[in-house]
Amino acid sequence: AQSVTQLDSQVPVFEEAPVELRCNYSSSVSVYLFWYVQYPNQGLQLLLKYLSGSTLVKGINGFEAEFNKSQTSFHLRKPSVHISDTAEYFCAVSETRIAGKSTFGDGTTLTVKP
Amino acid sequence: DTGVSQNPRHKITKRGQNVTFRCDPISEHNRLYWYRQTLGQGPEFLTYFQNEAQLEKSRLLSDRFSAERPKGSFSTLEIQRTEQGDSAMYLCASSLGQGNDKNIQYFGAGTRLSVL
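In structure tokens form, the structure reads like this:
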């Protein structure tokens, strides 16, 4: 079984400032890792994924994340945020062997202030 | 490629009534997943299909819940004798299958259920 902990439930930040959203996971097997963004009353949109290879992955909208196996973390970063980045962000894992369901964290609300 | 489509977008029902939601996955996607999301939480896995076969069901899926994917294309999720605790967003996702990029799940916009 896997679990995901998003360490910050809310992150307020000013426009053009850098941001980091933290995600730790627990699993006894190897996993794929994902970050999704959700805008109000909408479904989840994939931001980026770690499947294999380079531990630094780049996604859409200028986001990137680094997979740290020793610390079982997958933190999301953006060097300069925009008002339009205000949304809910979810970290998720799924087992590589079965590759079925995903387990999600409880989300981090990013609020970008002008 | 029109994405994952879910209908209806919103459903309001009275306690005790039955409701059914539909999900149309991305064409050629073999896997289809159902999740439930309550306010302030991340999506919780309910069940998933590989073509028409239901491969896994969560303990969250009580006897009042049933999901089908009869021809391996669209899927339905039915909730019988709804309770107020069933109020949530029901999300559907699809993927090509197993193995690296094939495992990426694409989500629909969800069906928001309100049980009065």
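Those sequence lines, one after another, are chains A and B.
Count along the first sequence from 1, then add 1235; that gives the number in my numbering.
Count along the second sequence from 1, then add 122; that gives the number in my numbering.
Each residue gets a CB set at the ideal place from its N, CA and C atoms; glycine is no exception.
Treat the numbers as computed from the prediction; the structure is a model and nothing was measured.
Residue state for A:Asp1341 is assigned as coil, using DSSP reduced to three classes. About 7 Å separates the CB atoms of A:Pro1253 and A:Lys1313; that is less than 8 Å, so the two are in contact. For A:Phe1298, none of the residues of chain B pass the 9 Å Cβ criterion, the least Cβ distance being about 16 Å. Residue-level contact check: A:Gln1245 does not touch chain B, since none of the beta carbons of chain B fall below 7 Å from its beta carbon. Going by DSSP, A:His1310 is part of the beta strand (DSSP E) stretching over 1308–1313. From the listed residues B:Gly232, B:Gly194, B:Ile201, B:Ala175, the smallest Cα separation to B:Leu182 is found for B:Ile201. With 16 or more other Cβ atoms from the protein chains shown falling within 10 Å of its own Cβ, A:Val1347 counts as buried.
Shown here, B:Lys224 sits in a helix according to DSSP, grouped into three states.
For B:Asp146, DSSP records a beta bridge to B:Ser127. Residue nearest to B:Lys136 within the set B:Thr233, B:Arg144, B:Ser184, B:Thr204 is B:Thr204 (criterion: CA-CA distance). Contact between A:Ala1327 and A:Ser1319 fails: their C-beta atoms lie close to 22 Å from each other, not under 8 Å. Cα atoms of A:Gln1245 and B:Lys193: separation of roughly 42 Å, rounded to the nearest angstrom. Per DSSP, reduced to three states, the secondary structure at A:Asn1259 is strand. Nearest CB-CB separation between A:Lys1336 and chain B: below the 7 Å threshold. Residues Ser1329 of the same chain have their beta carbon placed closer than 8 Å to that of A:Gly1335, with the five preceding and five following residues left out of the count. Straight-line spacing of the CA atoms in B:Thr160 and A:Val1266 works out to 25 Å. By the 16-neighbour rule on beta-carbons within 10 angstroms, B:Asn173 is exposed. Apart from sequence neighbours up to five positions away, the residues of its chain that approach A:Leu1291 with a beta-carbon distance below 6 Å are Glu1301, ordered along the chain. Within the same chain, Val1316, His1317, Ile1318, Val1347, Lys1348, Pro1349 come within 8 Å of A:Glu1250 by CB-CB distance, once the 5 residues on both sides are set aside. Rounded to the nearest whole angstrom, the C-alpha separation of B:Arg234 and B:Ala210 is 6 Å. The beta carbon of A:Tyr1267 falls within 7 Å of a beta carbon belonging to chain B, placing the residue at that interface.
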